[in-house]
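Residue numbers (the numbering used here): 107 to 309.
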């Protein structure tokens, strides 16, 4: 679309805006790579986005037989870093976002990670800060879905003082699932009760 005119902008301000736009990283076009049915693919990381992920689109075409001919199938999946910044999650309800961090979350607030691969995952580590006690629940597929992990956290004394707690997954869960990390507190206050630094997936 065409940007509307801004006659109130000075020539120097307009030049700064244009320079900023052209300095932004350009989106790179993905190139298909042919692979055998089994094997490995070497991936390169982007230093500016150390906690990003990879989006794969995989297609397979068989040899075909008469009279149908070859059949094709395509699937997309996303690989995340095992260390998640909650601000970069698919949703963060009950948490206000400020750039790449979240404010203190409320009771019943949650972090959502969609279609997360849980194969081989046995535990979660939460880096958090709080002045109150509470609980973190992890449920799959919906906010009322099966409970796969639960841990009680305690006050760290300040929102500037972070600590780590570890919660084991209570059953064998495989495949891809939507994960809900839900904050719980049974008594008031219910507002601004926890800050989450990172969520780490462990084997």
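All C-beta atoms, glycine included, are put in the ideal place defined by N, C-alpha and C.
In this text, all values refer to a predicted model and were calculated from it rather than measured experimentally.
With respect to residue 224, residue 281 sits close: the two C-beta atoms are nearer than 8 Å. With respect to the 8 Å criterion, residue 257 and residue 200 are not classified as neighbours on the basis of their beta carbons. Shown here, residue 167 sits in a strand according to DSSP, grouped into three states. As the crow flies, the alpha-carbon of residue 269 is around 26 Å from that of residue 249. CA-CA distance, residue 245 to residue 150, rounds to 32 Å. Only buried fits residue 210, as 16 or more other CB atoms lie within 10 angstroms of its CB.
Note on the region 201 to 284: whole beta strand (DSSP E) runs with a minimum of 3 residues are 216 to 223, 229 to 235, 240 to 246, 253 to 259, 269 to 274, in chain order. Between the beta-carbon of residue 212 and that of residue 297 there is about 5 Å, and that keeps the pair under the 8 Å contact cut. Listed in chain order, the non-local C-beta contacts of residue 208 below 8 Å within the same chain comprise 192, 193, 198, 201, 202, 301, 302, local neighbours out to five positions each way being set aside.
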